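Comments concern the structure below.
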Amino acid sequence: MKQHEIPGRVAIIAGNGSLTKIVVTTKTSAAEIYAHGAHVTHFQKNGEPPLLFLSVKSYFAPGKPIRGGVPVILPWFGNRDGEPSHGFARITEWQLVKTSATSDGKVTLRFALPEIPGRDAWKNLRTEFVVTVSDTLTMELITANDGCEETLEIENCLHTYFQVGDIGAVSVHGLEGAAYLNFAEGDNGVPRPAENFPIRINRETNRTYIDTASTVEIHDESLQRKIRVEKFNSHSTVVWNPWTTQKLPDDFDPAEHQHMVCVESGNVKQNRISLAPGKTSTLKVILSSALLK
Ligand code: TA6
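Encoded structure:
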């Protein structure tokens, strides 16, 4: 993979758990991506706190998902009996197939999901993930059905963990007026009516908003920062914080709930994608931040 290094822009090193880590440096930002799961674990604009949350207790091991950053969720969202939660893409080693840097310092990485032994049902799903680092972070999850007979039913999601200064000083804007399915505190997809005010998080929160293409903004009064989550070809948005009540594996310290919120962009549940033979679907997310005036 070393052939993809670009002096001063892209370095490839052994990261946590000796997993391959691609370190990106631009004129205005820095980022880190693991080949394991094509997982963006760090993005930071110069002079700002990190934009992404990464658990201090995260696993970095084959077969285990990294806790934080941007888990690539495919080809299903959530739990499936006898299957890895949130699909197999995030626990698979992706191939870095191309890197490039422009004169204005923007860096682009292209990853490909290799064929996975024993996953014959998905052998026709060709998947790439393109990450573009500048003063914003752009991610595109490209899925194509290379088969000629069957339609593939897939769910996709960029399950982004955002760093916040204090969850008690955070409000999530853009989903006012959208109904959602509640999965918190023992609910399992209970329909809830739209609320006409921004979301504040003061308990376990796990909401799947269906049929919404809205841009979402996270207002962080503590860090005086506004994070913008712009999405394209995504009809679902998930807002999640486990608080101290949701039981998670030991790769997350319950106290860390104070410094993270997930705003996840994808196509899940009723918004799953029916990918016909020969068709391609691209989920795109642009993350940006600014001072909260
Ligand atoms: O997106 C919210 C969610 O589905 C929660 O229910 C919680 O399970 C979270 O994803 C994390 O899932 P993971 O499998 O990464 O522990």
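Heads up, the sequence shown is in the numbering used here, so the first residue is 374 and it goes up one at a time.
Using N, Cα and C, we set each Cβ at its ideal position, and we do this for glycine too.
These numbers come from a predicted model, not from an experiment.
query, result
"Just verifying my parser: in three-state terms, what is the DSSP assignment at residue 629?", "helix"
"Helix, strand or coil for residue 642, going by three-state DSSP, please let me know.", "helix"
"Tell whether a beta-carbon distance below 8 Å holds between residue 536 and residue 422.", "yes"
"For residue 616, is the beta carbon positioned less than 7 Å from some heavy atom of ligand 1?", "no"
"Run the proximity test for residue 638: is its beta-carbon closer than 7 Å to any non-hydrogen atom belonging to ligand 1?", "no"
"For the candidate residues 502, 651, 608, 662, whose alpha-carbon lies nearest to that of residue 521?", "651"
"In chain order, which beta strand (DSSP E) runs of at least 3 residues are fully inside the segment 538-588?", "543-546, 553-555, 563-565, 578-582"
"Taking the CB atoms as reference points, tell me whether residue 598 and residue 525 lie closer together than 8 Å.", "no"
"Could you check where the beta strand (DSSP E) with residue 402 kicks off and where it finishes?", "402-407"
"Which two residues bound the contiguous beta strand (DSSP E) that contains residue 394?", "393-398"
"May I ask you to check if the CB of residue 455 is nearer than 7 Å to at least one heavy atom of ligand 1?", "no"
"Let me know the secondary structure DSSP gives residue 468 once reduced to three states.", "strand"
"Below 8 Å, can you find three or more Cβ-Cβ pairs linking the segment 478-494 to the segment 401-413?", "yes"
"Kindly confirm or deny that the segment 600-610 and the segment 636-650 touch, where touching means at least three C-beta pairs closer than 8 Å.", "yes"
"Is there contact between the segment 468-479 and the segment 452-460, where contact requires at least three CB pairs shorter than 8 Å?", "no"
"May I ask you to verify whether the segment 382-394 touches the segment 557-577, counting CB pairs closer than 8 Å and requiring at least 3?", "no"
"Is the closest heavy atom of ligand 1 to the C-beta of residue 621 under 7 Å?", "yes"
"CB-CB under 8 Å to residue 437, same chain, minus the five flanking residues each way: which ones, in chain order?", "464, 624"
"Among 570, 577, 540, which one has its Cα closest to the Cα of residue 557?", "577"
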